[in-house]
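Peer 1: The structure's right below; bear with me while I get my questions together.
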Amino acid sequence: MESTHKFSMAVKKIVIVGGGISGLSAAFYARKKDPQASISLLEAGPRWGGKIATERVPIEDAHGLAPEEARFIIEGGPDTFLATKPWAVALCKELGLGERLHGTNPANKSTFVLHNDRLLPLPDGLAMMIPTNVQAILQSGLVSWPGKARMGLDFLLPVRSAAGYTDESLGSFVSRRLGREAYENLIEPLMSGIYAGDGDQLSLASTFPYLRDLELKYGSLARGALEMRRKSAASGQAAQGSRSAFLTPTSGLIEIVEKLIESLTTSGVDLRLNTAVKFLDRLLDSKWIVGLASGESLNADAVILAAPAYASAELLKGLDPALAERLRGIPYASTATVTLAYRQTDLPHPLNGYGYVIPRSEGRRALAATFTSTKFPHRAPQGYALIRVFVGRAGQESVVETSQTETLRATSLRALAREELALSLGIQAEPLVSRVFMWEKAMPQYNLGHPERLAQIDAALEQHPGLALAGNAYRGIGIPDCIHSGQLAAEKVA
Ligand SMILES: Cc1cc2nc3c(=O)[nH]c(=O)nc-3n(C[C@H](O)[C@H](O)[C@H](O)COP(=O)(O)OP(=O)(O)OC[C@H]3O[C@@H](n4cnc5c(N)ncnc54)[C@H](O)[C@@H]3O)c2cc1C
């Protein structure tokens, strides 16, 4: 006789800690994988999105502009994502945002480098951030003649053998291939800027592993970068025409967050703001207890920690002090962005490029400025300009981390940004609008030893079934990597 008894499948309970893009993505993909699961997403702060923070600021006295055009789109944190890593584009498409993605402005693509207090264009022909156009390098004022000759040695220098090689700093690698001057004046401000990091500390294997692959495969960085460019052109990537490598939704990256929240609400995810998690513990039957600052606690079959590594360390310190120590050991840099808006007629500079980067050797307190309204024209109406100044990087953070009150810090950061734009672009006008975003301990530093640390963390996690980590602290700091980390964590536990 056939049994009529059906096993009732228990509903799986998943708790996700941290409502930045990593935690939101983890919740989205966990729901997709298990439509029945009970999922809670807990965020300590009063809003979703973590480092993604878009403000839509109305323009007062914007005569002649339609109301929907009379606004600035100001990004306080990330302002675009890399399209060549597939996970952000894929998520945007799933959320129905595919048609709202803008590329960067194909006109005025130059980037400048501050050199002896002057803005000089980056030489043409950078491939994977490596200079490949000999003519352009010869003409560039960014590197001296001896420096240029040293760059040429890249074609001749022997390859450092793989035997016994583990890792080296970005600074050491680029300096040994292209020379210290090219590293300091060209490569460092571009590459370490992504991490607000110190290139002499950053692990090559964790930040730009493909550079070492180029050395091993082609014997020279420039030859390798050229070859890669030739191959991608041949495989048709270039034939996609002017499709931009960087994308962003029409009214700011927060659109992704808004859509995720909409989808998670509709699919019954328990979403809680102002809900800080205090500790994590395990019951004997391998269930988890998630202790909240309010005193309440939640039971779970699985937990995803998508908070910064130092915050996850706090939650785990009672349960697994060694794992907590490894997580706490990932250093973070503090940084800030200051966006200033002007009438174009008030500017003595044409803002004819995407912006400029500032090598450490220039001794400025800012590290870069983006000409936002040139790079993304839809962020400001015609006749207006937006400029965003980055301040603070590893080793130069005192300006962000002072003991002053938040208001005083914001005032001094605004003054610093204005001083920077006066020095480099000659801008004296009062900005129409200004916005300061301070990001303390925001940028994880993948320093030497990071790959080994990740291996130790992975080994420790083996002892904790049902626990996963996601976020920018581990295997990629950009938005696509964060989304991917959330997706992988969801697959692991759901
Ligand atoms: C100024 C700046 C510019 C950037 N520019 C770009 C860019 O252009 N392109 C790009 O791809 N990337 C950029 N990045 C990097 C990228 O924005 C981040 O790496 C990414 O947004 C981090 O997402 P996350 O979810 O991992 O972490 P977060 O956004 O930090 O989210 C973690 C969340 O966890 C919460 N939390 C912490 N502790 C607890 C707790 N105990 N309980 C509950 N919740 C907790 C926090 O409140 C926070 O909301 C930039 C970053 C900064 C700061």
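Quick note: the sequence shown uses the numbering used here, first residue 761, plus one each step.
For glycine and all other residues, C-beta sits at the position ideal for the given N, C-alpha and C.
#1: Check whether the stretch 842 to 856 and the stretch 1096 to 1105 are in contact - that is, three or more C-beta pairs closer than 8 Å.
#2: Reducing DSSP to helix, strand and coil, say where Q1156 ends up.
#3: For D1030, which residues of its own chain have a beta-carbon under 8 Å away from its beta-carbon, when the five flanking residues on both sides are left out?
#4: How would you call R1153, buried or exposed, if buried means at least 16 neighbouring beta carbons within 10 angstroms?
#5: Kindly indicate which residue of S1004, S1184, R1125 has the alpha-carbon position closest to the one of L1111.
#6: Just to confirm, does F1039 get its C-beta within under 6 Å of one of the non-hydrogen atoms of ligand 1?
#7: By DSSP, does K1038 sit in helix, in strand, or in coil?
#8: Using the beta-carbon count (16 or more within 10 Å), is I776 buried or exposed?
#9: Identify every residue that forms a DSSP beta bridge with H823.
#10: From S1163 to K772, what distance separates their C-alpha atoms?
#11: State the Cα-Cα distance for the pair I947 and L879, rounded to the nearest angstrom.
#12: Start and end of the alpha helix (DSSP H) containing M988?
#13: Out of curiosity, what's the CA-to-CA distance linking I890 and Y1092?
#14: Mapping the DSSP letters down to three states, classify F1131 as helix, strand or coil.
#15: Is C1242 near ligand 1, judged by its Cβ being under 6 Å from some heavy atom?
#16: Run the CB neighbour count on H875, radius 10 Å, all protein chains shown included, and call it buried at 16 or more, exposed below.
#17: Is DSSP giving M889 helix, strand or coil here?
#18: Just how far apart, CA to CA, sit L1176 and R920?
#19: With distance defined between alpha-carbon atoms, name the residue in L1020, G1051, T1026, R1042 nearest to T1035.
#20: Looking at T840 and ligand 1, is the gap between the Cβ and the nearest heavy atom below 6 Å?
#21: Tell me whether L735 counts as near ligand 1, meaning its Cβ is closer than 6 Å to at least one heavy atom of that ligand.
#22: With a threshold of 6 Å (Cβ to nearest heavy atom), would S847 be considered close to ligand 1?
#23: Would you say the beta carbon of V777 comes nearer than 6 Å to a heavy atom of ligand 1?
#24: Tell me which residue opens and which closes the alpha helix (DSSP H) that R920 is part of.
#25: In chain order, what residues of the same chain lie with their CB nearer than 6 Å to the CB of R989, ignoring the 5 residues before and after it?
#26: For S1004, which of P866, S1194, P806 has the nearest alpha-carbon?
#27: Find out if the Cβ-Cβ distance for the pair G1246, S785 is shorter than 7 Å.
#28: Taking three-plus beta-carbon pairs below 8 Å as touching, is the stretch 896 to 916 in contact with the stretch 929 to 940?
#29: Around the C-beta of H1244, are 16 or more other C-beta atoms found within 10 angstroms, so that it is buried, or is it exposed?
#30: Nearest CA to the CA of A1084: which residue from S935, F1039, G1012, V1149?
#31: Under the criterion of a Cβ to heavy atom distance below 6 Å, does N865 qualify as lining ligand 1?
#32: My assumption, with CB atoms under 8 Å, is that T1134 sits in contact with Y1114. Please give the rounded CB distance.
Peer 2: Per the coordinate set shown:
#1: They do not touch, by the three-pair rule.
#2: Taking the sequence shown and counting its residues from 1, one reaches residue 1156 at position 396. Strand.
#3: Walking along the sequence shown from the start, residue 1030 turns up at place 270. Here the set comprises S798, I799, S800, L801.
#4: The residue you call residue 1153 lines up with position 393 of the sequence shown. Within 10 angstroms of the beta-carbon of R1153 lie 16 or more other beta-carbons, which makes it buried.
#5: Residue mapping note: residue 1111 aligns to position 351 of the sequence shown, counting from 1. That would be S1184, whose Cα lies nearest to the Cα of L1111.
#6: Counted from its first residue, the sequence shown places residue 1039 at position 279. No - ligand 1 has no heavy atom lying nearer than 6 Å to the Cβ of F1039.
#7: Translated into the one-based positions of the sequence shown, residue 1038 becomes position 278. Here K1038 sits in strand by DSSP.
#8: One-based indexing of the sequence shown puts residue 776 at position 16. Buried is the call here.
#9: By 1-based counting over the sequence shown, the position of residue 823 is 63. According to DSSP, which records beta bridges pairwise, H823 is partnered with nothing at all.
#10: Taking the first residue of the sequence shown as 1, we reach residue 1163 at position 403. Taking the first residue of the sequence shown as 1, we reach residue 772 at position 12. Looking at the two C-alpha atoms, the distance is approximately 45 Å.
#11: Counting from 1 along the sequence shown, the entry for residue 947 is found at position 187. Counting from 1 along the sequence shown, the entry for residue 879 is found at position 119. One C-alpha to the other measures close to 16 Å.
#12: The residue given as residue 988 occupies position 228 in the sequence shown. Here the alpha helix (DSSP H) through M988 covers 981 to 994.
#13: Counted from its first residue, the sequence shown places residue 890 at position 130. Counted from its first residue, the sequence shown places residue 1092 at position 332. Straight-line Cα distance between these residues: approximately 27 Å.
#14: For the purposes of this step, residue 1131 is taken as residue 371 along the sequence shown, with counting starting at 1. Three-state DSSP puts F1131 in coil, outside helix and strand.
#15: For the purposes of this step, residue 1242 is taken as the residue at position 482 of the sequence shown. Under cutoff, so the answer is yes.
#16: Here residue 875 refers to the residue found at position 115 when the sequence shown is read from its first residue. Result: buried.
#17: Within the sequence shown, residue 889 is the residue found at index 129, counting from 1. M889 falls in the coil class under three-state DSSP.
#18: Translated into the one-based positions of the sequence shown, residue 1176 becomes position 416. Translated into the one-based positions of the sequence shown, residue 920 becomes position 160. Their backbone Cα atoms lie some 43 Å apart in a straight line.
#19: Translated into positions along the sequence shown, residue 1035 becomes position 275. Answer by Cα proximity: G1051.
#20: In the sequence shown, the residue the question calls residue 840 occupies position 80. T840 Cβ: within cutoff of ligand 1.
#21: There is no way to answer for residue 735, as the model of the chain reaches only from 761 to 1254.
#22: What you label residue 847 is simply residue 87 of the sequence shown in a count that begins at 1. One detail in the question is off: residue 847 reads as Trp in this sequence, not Ser. Not under cutoff, so the answer is no.
#23: Counted from its first residue, the sequence shown places residue 777 at position 17. Yes - ligand 1 has a heavy atom lying nearer than 6 Å to the Cβ of V777.
#24: For the purposes of this step, residue 920 is taken as residue 160 along the sequence shown, with counting starting at 1. Element bounds for R920: n/a, residue is neither H nor E.
#25: Counted from its first residue, the sequence shown places residue 989 at position 229. Only A887 meet the Cβ criterion.
#26: The count along the sequence shown starts at 1 and reaches residue 1004 at position 244. The shortest C-alpha to C-alpha distance from S1004 to any of P866, S1194, P806 is the one to P866.
#27: Residue 1246 sits at position 486 when you count from the first residue of the sequence shown. Residue 785 sits at position 25 when you count from the first residue of the sequence shown. G1246 places its beta carbon less than 7 Å from that of S785.
#28: yes
#29: Position 484 of the sequence shown, counted from the start, is the residue given in the question as residue 1244. Buried, because 16 or more other Cβ atoms sit within 10 Å of the Cβ of H1244.
#30: For this step, residue 1084 is matched to residue 324 along the sequence shown. Considering only alpha carbons, the answer is F1039.
#31: The residue given as residue 865 occupies position 105 in the sequence shown. Flag unset: Cβ of N865 not near ligand 1.
#32: Counted from its first residue, the sequence shown places residue 1134 at position 374. Counted from its first residue, the sequence shown places residue 1114 at position 354. Yes, T1134 and Y1114 are in contact; Cβ-Cβ is about 6 Å, under 8 Å.
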